[in-house]
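Residue 166 in the working numbering sits at position 161 of the sequence shown, and the numbers go up by one each step. We put the CB at the ideal spot given by N, CA and C, even for glycine. The next block holds one structure in the form of structure tokens; read it before the comments.
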Amino acid sequence: MQISKIKLKKYMLLVCISLFFGVIIAFMYAGYKWIQAGERKGKHQIDDTYIRYSREVEYTKGKYSVSSQGGKLIINFPEKMYINKLTFEYASEFFSDCSLDIEKENIYGVVENLSIQDKLMKDMPRSVVNIGGIVSKIEINFNESHNDFKIWNVGVDNSFKFNPLITIFWSSAIFLLGFGIIFKKENARMPAFATLVIILVSSICLLLVEPPYIVGWDEQIHYKNAYMLGVSEKGEATTQVEEYMYGYPFLINTFSQPAQESVEERLDFVRVLNDKMKNPGIFIDDYELSFASFGYVFQALVLKLGNILHVPFYISWLMGKFSNVLLYAVIMCIAVHIVPVGKRVLMVFSMMPTMIFQSTTYTYDITVIAFIILATCVLIKEFLSPDSVFRYRWRLLFFASIFLGCLPKAVYAPIMLGGLFVERSKFYSEKDRKCFRVLIILGFIALIMSFALPALISPEQIGDARGGDTSGVGQMHYVIGQPVSYAVILIKNVFASLESCLYGATLCHFSYLGIGQMSATATILLVSVILTDKYYDGVLTRKSLPVKMKIGMLFLIALVIALIWTALYLDFTEVGKSVISGVQARYYLPFLFLFYMCFQTDKIQNCFSKERYQLTIMMISSALLFHQIWQLVLVKKCL
């Protein structure tokens, strides 16, 4: 008990130190910008006499009216001046964008041309553009859009700006650094707990610094489904904020992705969304329950809790996302604890930027990924201990995990057949073994039928709801009528994308926020850990999967890949095309850990102590992850 109290005090002290230095860094950043302003501190409106405009722009009573054809505002300052942030208010009924061409002095005092992308969002009150330098001229070029809009109160903001998002980022990074060093013995002994802490801290950091709009793959659809499942009743109207999130994600990301955003715009957008939550909309709850609904249960329950507590929309939005974070962290912790070898492989894989990003979005993919990996870890545990009995509690966990993981996406059902490779010696009797195998086969058939029956019974209902010449009937005609030709198409498409799906960009992909520049580093790290993680728990007969089991698992993975591509061929590919559309690398994530374990070997020696090895891979993984968060989120969307 005394040891637990000491550890608790260390954790609390580490939290306090991390917050302290996070606040200090944020104050230093704000103070540096404020000091640079010199005598021009504070907020200043730019005199209209310094602003010229093109003929497409009309000036009336202090406001510039820009037509849908675009236009230009040119600000010529009478003398060079430091500008931290350029601000202007606007009224736009839709979405538009502009570019700012700035004559700005570099660190040598030489004037360079800087271009910054900015966006004008529907219902937003103002634009705040981060410049941070000495400027002599700014040219704002408004692009063509679907609507006219007005601009007024163009000004400069050189006031002291404390950014809490910088505090969140650096406090989280410093905490994980201290956690790795101070508790290195405990982390080496309990990598599962280390995984839990790292996922929770890094995911919460990313969750809080992410923009408060749709950033994940098809997140608007997943959010709508989770909201309608948990909050609204059948036939009930939602609020205007649900309409905004579901109706404009393409436009939001089209204009936001290249734009440099500021923390002021973040706060403005949160206020807009909170206000929209107060107004009823015309969007009607028409959600139908399906097997995929299980993937939304936790998000739906938390959204319902937020609705009961009457919290503002943004808080409810974060609560729903956090349910995914918590689910992912807990299941990965259990999985790392269960698997006897490759614990650090799984820990590093679970910390890959794409995995952490996925956990912070509305999606059922995290449910699929987490539970399938958990089922995989149960299988690996049994494969590597042939002398012990396959106890019923582990069988129950395996069946429950594989079913929960496959309900939203049954294409991963072949992984269930891995249970057929469990050796005869693992069972209480031959009858027990046969019963288990029958359950495996029946469960597999049930999952496959949930995926295949709709395509066989009503192929006319299969196709891309977003449009295009897609047809389930037409595609089934090619698949069944010309199986050899389809097999050739399938193999060509799979191998053409194999590299990008198994490693590389798939490890550092933040969806609409972009792809990180550290994909090669992530790949090298993961491969290095696969080859060098030689630590295991307990006394094992085997230290890596037997060759025949590796071959069997790779065959099942190949079957899963074929089902994924076939499903997308039926749903998203235009009839008769030889290039299969819609397949994304993230669809490979649920079975990638099992794939990596098939290449683990006990032939390479590792001379590192477990403590030093654990600390090294934790620090590298954390540094990689936070570098991607800094590059893709903080610099572009928070400063």
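Residue i burial status per 10 Å Cβ neighbour count (16 or more: buried)
{"i": "G473", "result": "Confidence is the limiting factor: at G473 the pLDDT is only 49, short of 50, which leaves the residue's position unreliable, though a coordinate-based value still follows. Exposed, by the Cβ-count rule."}
{"i": "H151", "result": "exposed"}
{"i": "V373", "result": "buried"}
{"i": "L323", "result": "buried"}
{"i": "A470", "result": "In this prediction, A470 has a pLDDT of 45, which is less than 50 and means its spatial position is unreliable; what the coordinates show is noted afterwards. Answer is exposed; the Cβ neighbour count stays below 16."}
{"i": "L13", "result": "exposed"}
{"i": "K497", "result": "exposed"}
{"i": "M454", "result": "exposed"}
{"i": "Q7", "result": "At Q7 the pLDDT is 47, less than 50, meaning the model places this residue with poor confidence; the figure from the coordinates comes in the next sentence. It counts as exposed."}
{"i": "K553", "result": "exposed"}
{"i": "L422", "result": "buried"}
{"i": "A563", "result": "exposed"}
{"i": "M33", "result": "exposed"}
{"i": "P130", "result": "exposed"}
{"i": "N111", "result": "exposed"}
{"i": "L503", "result": "exposed"}
{"i": "S176", "result": "buried"}
{"i": "S549", "result": "buried"}
{"i": "Q487", "result": "exposed"}
{"i": "P285", "result": "exposed"}
{"i": "F25", "result": "exposed"}
{"i": "Q610", "result": "exposed"}
{"i": "M602", "result": "buried"}
Beta-carbon separation (whole angstroms), residue i vs residue j, contact threshold 8 Å
{"i": "I209", "j": "V330", "result": "7 Å"}
{"i": "Y55", "j": "P83", "result": "7 Å"}
{"i": "L597", "j": "A527", "result": "Not confirmed; about 12 Å, so no contact."}
{"i": "S516", "j": "G221", "result": "5 Å"}
{"i": "F395", "j": "K431", "result": "4 Å"}
{"i": "D106", "j": "N118", "result": "6 Å"}
{"i": "S406", "j": "F376", "result": "5 Å"}
{"i": "D123", "j": "V134", "result": "5 Å"}
Opposing strand residues paired with residue i [DSSP bridges]
{"i": "K439", "result": "None; K439 has no bridge partner."}
{"i": "D162", "result": "K48 and K90"}
{"i": "D128", "result": "Its beta-bridge partners do not exist; DSSP assigns none."}
{"i": "K142", "result": "N81 and E108"}
{"i": "Y69", "result": "Y64 and I156"}
{"i": "T244", "result": "P285"}
{"i": "G75", "result": "S72"}
{"i": "D102", "result": "K124"}
{"i": "S97", "result": "F154"}
{"i": "L119", "result": "I107"}
Pick from the options that is closest to residue i, judged by C-alpha positions
{"i": "I485", "options": "R617, N611, Y333 and T571", "result": "T571"}
{"i": "G240", "options": "D280, D291, I529 and S524", "result": "D291"}
{"i": "G617", "options": "T537, P263 and L402", "result": "Looking at the sequence itself, residue 617 is Arg, so the reference to Gly does not match. Cα-wise, what sits closest to R617 is T537."}
{"i": "V532", "options": "S393, V552, S586 and F600", "result": "F600"}
{"i": "K229", "options": "Y249, C103 and I450", "result": "Y249"}
{"i": "L272", "options": "S132, L294 and R400", "result": "S132"}
{"i": "V588", "options": "I609, C603, I219 and I566", "result": "I566"}
{"i": "L447", "options": "H49, E435 and L425", "result": "L425"}
{"i": "S70", "options": "N158, D123 and V20", "result": "N158"}
{"i": "F180", "options": "L19, D102, V277 and G519", "result": "L19"}
{"i": "Q2", "options": "N163, L212, S23 and L512", "result": "Beyond the ends of the chain as shown, which are 6 and 644, falls residue 2; an answer cannot be given."}
{"i": "E61", "options": "D153, K109, G137 and V134", "result": "D153"}
{"i": "A501", "options": "P263, I11 and A590", "result": "A590"}
{"i": "F288", "options": "L310, T244 and D280", "result": "T244"}
{"i": "S393", "options": "Q225, I371 and V427", "result": "V427"}
{"i": "E387", "options": "E98, S120, N135 and R400", "result": "R400"}
{"i": "G509", "options": "Q487, I11, S583 and L594", "result": "L594"}
{"i": "W635", "options": "Q522, S614 and Q605", "result": "Q522"}
{"i": "S647", "options": "A178, D52, V493 and S120", "result": "Coverage of the chain is limited to positions 6 through 644, which leaves residue 647 absent and any answer about it impossible."}
{"i": "G160", "options": "K642, R45, S614 and I585", "result": "R45"}
{"i": "M126", "options": "Q363, I569 and E94", "result": "E94"}
{"i": "S120", "options": "F604, E108 and H227", "result": "E108"}
{"i": "K155", "options": "K77, M17 and K10", "result": "K77"}
{"i": "Q74", "options": "Q633, C103, V640 and Y540", "result": "C103"}
{"i": "M86", "options": "S59, G43 and G67", "result": "G43"}
Residue-level contact to chain B via CB, residue i, 7 Å cutoff
{"i": "D607", "result": "The structure shown has no chain B; it contains just one protein chain."}
Check: residue i C-beta below 6 Å from any heavy atom of the ligand ADP
{"i": "F354", "result": "As far as ligands go, the structure on display features none, and thus does not contain the ligand ADP."}
Margin query: I'd like to know if the region 310-323 and the region 161-178 are in contact, where contact means that at least 3 CB-CB pairs between them fall below 8 Å.
Written below: no
Margin query: Can you confirm whether the region 238-258 touches the region 304-314 when touching is taken to mean that 3 or more C-beta pairs between the two stretches lie within less than 8 Å?
Written below: no
Margin query: Across the region 378-385 and the region 230-244, are there enough close Cβ pairs to call them in contact, namely three or more that are closer than 8 Å?
Written below: no
Notebook entry, point to check: Can you find at least 3 beta carbon pairs, one from the region 264-279 and one from the region 336-346, that sit closer than 8 Å?
Noted result: These segments do not touch.
Next item on the list: Assess, as a yes-or-no matter, whether the region 71-90 is touched by the region 25-34 under the definition of 3 or more beta carbon pairs within less than 8 Å.
Entry: Output reads no: the region 71-90 does not touch the region 25-34.
Check: Should the region 572-587 be called in touch with the region 355-368, which here means at least 3 C-beta pairs below 8 Å?
Finding: no
Margin query: Tell me whether the region 293-312 and the region 195-214 touch, counting them as touching only if at least three CB pairs, one residue from each stretch, are closer than 8 Å.
Written below: no
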